[in-house]
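Per this note's numbering, the sequence shown runs over residues 19 to 193. C-beta atoms are modelled at their ideal positions from N, C-alpha and C, and glycine is treated no differently. Fair warning: this is a prediction, and the values are worked out from it, not measured in the lab.
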Amino acid sequence: MLIRPARRAELPLLQDIERAAGEPFRELGMDSVADDEPPPLDVLEDYARAGRCWVAADEADDRPVGYLLADLVDGAAHIEQVSVAPAAARRGVGRALIDRLADWAVARGADALTLTTFARVPWNAPYYERIGFRTLAADEAGEELRGIRAQEAEHGLDRWPRVCMRRELPSRPGA
């Protein structure tokens, strides 16, 4: 698996990955999550142009099978979105993308990765716990992270329990 910056021409493929990755939510009765539209092309292009959009591509054909969007939130590298095509699931694609973000974050002096996710969806919070994230208590979330949660609530995502999570990062060598 090759982790690399997204290319402008493949941004529509990222939307397709997002739609496909949403389908398993239907099995949990979360149809509105499955039906949620992926980020528009201009938003994906902004992330790519800013160097905060990576893809996991199959080495054989260099076609993306997963992607990650990142922001800086409260001084941490925040996973805005990470999606993997169901055909590529359970092969370490999401973890490889998150590890690439961790490298990027450490190089920029960030001390952690953060994200918001569904607490009881098996491939959400339980998965992130297995790869080193911990659930934050309400008073541990910074102002910007609390703002993200408020936007999610306005979008109707609080119909299912959600949490903020954090994974500490090592210090940058020589820092």
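Cut-off 6 Å between Cβ atoms - residues of its own chain near L154, not counting five sequence neighbours on either side: As a first step, residue 154 must be located in the sequence shown, where it is residue number 136. C182 and R184, listed in sequence order.
C-beta contact flag for A75 and L131 at 7 Å: Counted from its first residue, the sequence shown places residue 75 at position 57. Counted from its first residue, the sequence shown places residue 131 at position 113. It is not a contact, given that the beta carbons lie outside the stated cut-off.
Beta strand (DSSP E) segment containing R118, residue limits: Residue mapping note: residue 118 aligns to position 100 of the sequence shown, counting from 1. Careful: R118 lies outside any beta strand (DSSP E), inside the alpha helix (DSSP H) at V111 to A125.
Simplified DSSP state of P50, which is helix, strand or coil: In the sequence shown, residue 50 corresponds to position 32, counting from 1. This sequence places Ser at residue 50; Pro is not what is there. In the three-state DSSP reduction, S50 falls in the helix class (H, G or I).
Validate contact between the segment 88-106 and the segment 128-143 using beta carbons, cut 8 Å, 3 pairs: Output reads yes: the segment 128-143 touches the segment 88-106.
Cβ separation of A103 and V83, assumed to be a contact under 8 Å, to the nearest whole Å: Indexing the sequence shown from 1 puts residue 103 at position 85. Indexing the sequence shown from 1 puts residue 83 at position 65. That belief holds up - the Cβ atoms of A103 and V83 are roughly 5 Å apart, short of 8 Å.
Spatial neighbours of L90 in its chain, beta-carbon cut-off 6 Å, leaving aside the 5 residues before and after: Here residue 90 corresponds to residue number 72 of the sequence shown, with the count starting at 1. Counting only Cβ-Cβ distances below 6 Å, and skipping sequence neighbours, we find nothing.
Chain-order list of residues whose beta-carbon lies under 7 Å from that of M48 (same chain, five-residue window excluded): Counting from one through the sequence shown, the residue named residue 48 turns up at place 30. Correct list, in chain order: W178.
Residue nearest to L59 in terms of C-alpha spacing, selected from L29, E77, D80 and G110: Against the sequence shown, residue 59 aligns to sequence position 41. Per the Cα distances, L29.
Buried/exposed call for A143, threshold 16 Cβ in 10 Å: Numbered from 1 along the sequence shown, position 125 holds the residue referred to as residue 143. It counts as buried.
Residue range of the alpha helix (DSSP H) that includes D64: Counting from 1 along the sequence shown, the entry for residue 64 is found at position 46. Its alpha helix (DSSP H) spans residues L59 to R67.
Beta-carbon contacts of F151 that lie in its chain and below 6 Å, excluding the five residues immediately before and after: The count along the sequence shown starts at 1 and reaches residue 151 at position 133. Answer for F151: M183 and R185, listed in chain order.
Residue from R126, V100 and A125 whose Cα sits closest to the Cα of A114: Along the sequence shown, one-based indexing puts residue 114 at 96. From the listed residues R126, V100 and A125, the smallest Cα separation to A114 is found for V100.
A24 and A66 closer than 7 Å at C-beta: One-based indexing of the sequence shown puts residue 24 at position 6. One-based indexing of the sequence shown puts residue 66 at position 48. Between A24 and A66, the gap from beta carbon to beta carbon is short of 7 Å.
Beta-carbon proximity of L163 to V124, cut-off 7 Å: As a working mapping, residue 163 is identified with position 145 in the sequence shown. As a working mapping, residue 124 is identified with position 106 in the sequence shown. No.
Option nearest Y146 by Cα separation, candidates G110, L46 and L31: Counting from one through the sequence shown, the residue named residue 146 turns up at place 128. For Y146, the closest C-alpha among the options G110, L46 and L31 is that of G110.
Buried versus exposed call for P56 [16 or more other C-beta atoms within 10 Å across all chains shown]: As a position in the sequence shown, residue 56 is number 38, starting the count at 1. Here P56 is buried: its Cβ has 16 or more other Cβ atoms, across all protein chains shown, within 10 Å.
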